[in-house]
Every structure is written in structure tokens, then in C-alpha cells.
Amino acid sequence: MYTGILRSFATLLTLGQPSVIFEDGMLMRDYIHIDDVVSANMCVLESSEADYQSFNVGSGVSTTVLEFYKEISEYMNSSLKPIMNGEFRVGDVRHIVSSPAKLEALGWKPKKNLRDMIADYLEYLNEAENLDDYFASAMRDMKTKTAIMKAQR
Numbered sequence: 001m002y003t004g005i006l007r008s009f010a011t012l013l014t015l016g017q018p019s020v021i022f023e024d025g026m027l028m029r030d031y032i033h034i035d036d037v038v039s040a041n042m043c044v045l046e047s048s049e050a051d052y053q054s055f056n057v058g059s060g061v062s063t064t065v066l067e068f069y070k071e072i073s074e075y076m077n078s079s080l081k082p083i084m085n086g087e088f089r090v091g092d093v094r095h096i097v098s099s100p101a102k103l104e105a106l107g108w109k110p111k112k113n114l115r116d117m118i119a120d121y122l123e124y125l126n127e128a129e130n131l132d133d134y135f136a137s138a139m140r141d142m143k144t145k146t147a148i149m150k151a152q153r
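Under UniProt numbering, the first residue of the sequence shown carries the number 1, and numbering increases by one thereafter.
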């Protein structure tokens with residue numbers, strides 16, 4: 001459920017429901033605003049120095065999943081605590097943080113931070129109609145397919 005973590009956390013908190021955070025919540029991720037992804041792609045498209053190369057698009061800033069939840073909860077003035085029940089996602093990588101160094105060498109830098117992402121997404125979410133809670137069925141499906149398992153002690 002970390003694919004679309006902003007959507008997941010924001011929607012559930014809007015519905016007054018806590019999110020499940022897998023493992024200990026200390027998995028590190030690199031979150032980036034869509035506007036920065038677009039500008040990174042435009043930078044590469046417009047630079048002949050970038051021809052035939054691949055680039056990591058990321059902020060280069062590591063944020064734990066738990067920090068992300070706390071940030072969005074605080075922004076939304078929610079006191080809901082996340083559910084941390086010892087489950088983990090099979091095959092999940094503990095830490096994923098990009099290095100945007102090659103893009104920065106072309107003159108690109110991310111302009112928006114985590115707070116900007118949250119603010120922009122919540123503005124969009126406030127205009128959305130029919131917020132359906134599809135997370136319960138998604139969790140059931142992942143457990144049925146053994147993509148989520150309980151940690152053994």
C-alpha cells in the first residue's frame with residue numbers, strides 16, 4: 001500500500017480511518033512532487049548532454065514511512081495513530097532513496113518539498129467526489145495472495 005502512499009494516507013485520514021504501516025515504519029523512501037518529475041523529464045529532453053542516458057528522478061531526501069504519516073496527519077490536524085500490526089510486504093525493499101546527482105549536473109533541482117506535495121494533493125482531494133474506501137478490499141486481496149504476511153517472533 002506504499003504505492004500511492006499520499007493517496008492512501010490522505011484518503012483514509014479524510015474518511016476518519018487510520019492507515020496500516022508495515023514493519024516498524026522505518027522503511028525509507030524518496031518522495032518527489034509530480035511537478036518536479038515533469039521538470040526533470042523536460043530537462044533531460046532539452047539537453048543534448050543527456051542523450052542515450054538514464055537518470056534517477058528523486059529528491060535525494062530520505063523520509064521514513066512513519067515520518068510521512070506523521071507529516072500528513074499533522075497537516076490534516078488528525079490525531080489518528082497508524083495501525084502497526086507486525087505485517088510486512090513480501091519482497092519489499094527496506095530503503096529506496098534516489099541520487100539526483102546526474103540531473104543536478106544538467107542544472108535540475110527539485111523545487112517542491114513534502115509539505116508542498118501534501119498541500120497540493122489535499123487541494124485536489126477536496127475537490128474529489130465519492131471518496132470510496134477501496135483499501136479494505138485491497139488489503140484482503142494482498143493477504144489472500146500472500147503479498148502481506150505476519151512477522152514471526
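Backbone N, C-alpha and C define an ideal beta-carbon position, used for all residues, glycine too.
For the alpha helix (DSSP H) that contains residue i, what are its first and last residues?
i: E104; result: A101 to A105
i: F88; result: Careful: F88 lies outside any alpha helix (DSSP H), inside the beta strand (DSSP E) at E87 to R89.
Using a 10 Å radius around the Cβ and a threshold of 16 neighbouring Cβ atoms, would you call residue i buried or exposed?
i: V65; result: buried
i: S99; result: exposed
i: M149; result: exposed
With the cut-off set at 9 Å, would you say residue i and residue j are in Cβ contact?
i: G91; j: C43; result: no
i: P110; j: D24; result: no
i: E87; j: F22; result: yes
i: A147; j: R89; result: yes
i: L103; j: V57; result: yes
i: L122; j: A10; result: yes
Within a Cβ cutoff of 8 Å, which residues of the same chain sit near residue i, ignoring the five residues on either side of it in sequence?
i: I5; result: R29, Y31, V65 and F68
i: I83; result: P18, S19, V20 and I21
Could you name the residues of the same chain whose beta carbon sits closer than 6 Å to that of residue i, not counting the 5 residues immediately before and after it, in chain order?
i: S47; result: L106
i: Y2; result: Any reading at Y2 must be qualified, since the residue scores a pLDDT of 44, below 50, and its modelled position is unreliable; the value itself is stated next. So the list is empty, once near-sequence residues are dropped.
i: M76; result: L13
i: R94; result: L27
Determine the extent of the beta strand (DSSP E) in which residue i is found, giving its start and end residues.
i: I148; result: I148 to K150
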